[in-house]
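For reference, the structure discussed in these notes is given below.
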Amino acid sequence: MDGVARAVERGIASEMLERCGLILDGWTHCSKHYVAVFACYELNGKSKTPLFSMTPLLNDEDDDLSAVAHREFLADMLPRDFGRQVHECVFLVGDNCSVNRRLATLVGVGCASHQLNRAVQRELQEHENDLAAVQALMIKLRTLTQSAKLRLKTDLRPVIRQDTRWSSTFSMLHRLTRALG
Numbered sequence: 037m038d039g040v041a042r043a044v045e046r047g048i049a050s051e052m053l054e055r056c057g058l059i060l061d062g063w064t065h066c067s068k069h070y071v072a073v074f075a076c077y078e079l080n081g082k083s084k085t086p087l088f089s090m091t092p093l094l095n096d097e098d099d100d101l102s103a104v105a106h107r108e109f110l111a112d113m114l115p116r117d118f119g120r121q122v123h124e125c126v127f128l129v130g131d132n133c134s135v136n137r138r139l140a141t142l143v144g145v146g147c148a149s150h151q152l153n154r155a156v157q158r159e160l161q162e163h164e165n166d167l168a169a170v171q172a173l174m175i176k177l178r179t180l181t182q183s184a185k186l187r188l189k190t191d192l193r194p195v196i197r198q199d200t201r202w203s204s205t206f207s208m209l210h211r212l213t214r215a216l217g
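So in the working numbering, spot 72 of the sequence shown is number 108, and the numbers just go up one at a time.
Below is the structure:
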């Protein structure tokens, strides 16, 4: 069985790009904590997410479930099994637990959702004047008089964007196009 595992690891390592992301998920069963690690990369225009490891994290009495222990596990497993280093990781995806947030910091990558938020904000910035005009219209349509007039035309209600949620910008624009359409 070890031979099969090594052959699969070599196959994954040979096709994998130098830099990739990692997806982690942990769970506990029968007093044993397991961690699953998936790679995430693109090959020939297709997303690949092979399973790197699924193993108990606590093996010795002095082991713990800290972010440092997770990083040490990755620092041992990646070069041993796949010829990769932790610093080659460009992003880390996991649930929002404190261990994963700290692990992302230790590995030197930011939180994936924060990186996505910053990227979207940069893209939206060039359209800020148009977005501000739509926002002003949506706010005006929420006033009592304008809202009553709008109700005569459609069941749709105005949606305004929230500064902390870029998805609300898309919801606002979608609502405008539906109301006009």
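For glycine and all other residues, C-beta sits at the position ideal for the given N, C-alpha and C.
Looking at Gly62: is its Cβ nearer than 9 Å to the Cβ of Leu114? 9 Å or more divides the Cβ of Gly62 from the Cβ of Leu114.
Any idea what DSSP makes of Leu110, helix, strand or coil? Collapsing the DSSP output to three states places Leu110 in a helix.
Could you pull the start and end residues of the beta strand (DSSP E) that Glu78 belongs to? Membership of Glu78 in the beta strand (DSSP E) is indicated by the continuous run 68 to 79.
Using CA coordinates, which residue listed in Arg193, Gln198, Asp131 is at the minimum distance from Thr213? The option with the nearest alpha carbon to Thr213 is Arg193.
In the DSSP assignment, what are the bridge partners of Gln198? Beta-bridge pairing links Gln198 to Arg201.
Enumerate in chain order the residues of its own chain whose CB-to-CB distance from Arg138 is below 7 Å, with the five nearest sequence positions on each side excluded. The beta carbon of Arg138 is closer than 7 Å to those of Ala103 in its chain, skipping five residues each way along the sequence.
Rounded to a whole number of angstroms, what is the C-alpha to C-alpha distance between Arg197 and Ala105? So the alpha carbons of these two residues sit roughly 41 Å apart.
Considering only residues of the same chain and omitting the five flanking positions on each side of Ile175, which have a CB-CB separation below 8 Å? If we look at Ile175 and ignore the five residues flanking it on each side, its Cβ neighbours are Pro194, Ile196.
By the three-class DSSP mapping on this structure, what secondary structure does Gly39 have? Three-state DSSP puts Gly39 in a helix.
One or two residues paired with His65 in a DSSP bridge: For His65, which the question treats as bridged, DSSP gives the partners Lys68.
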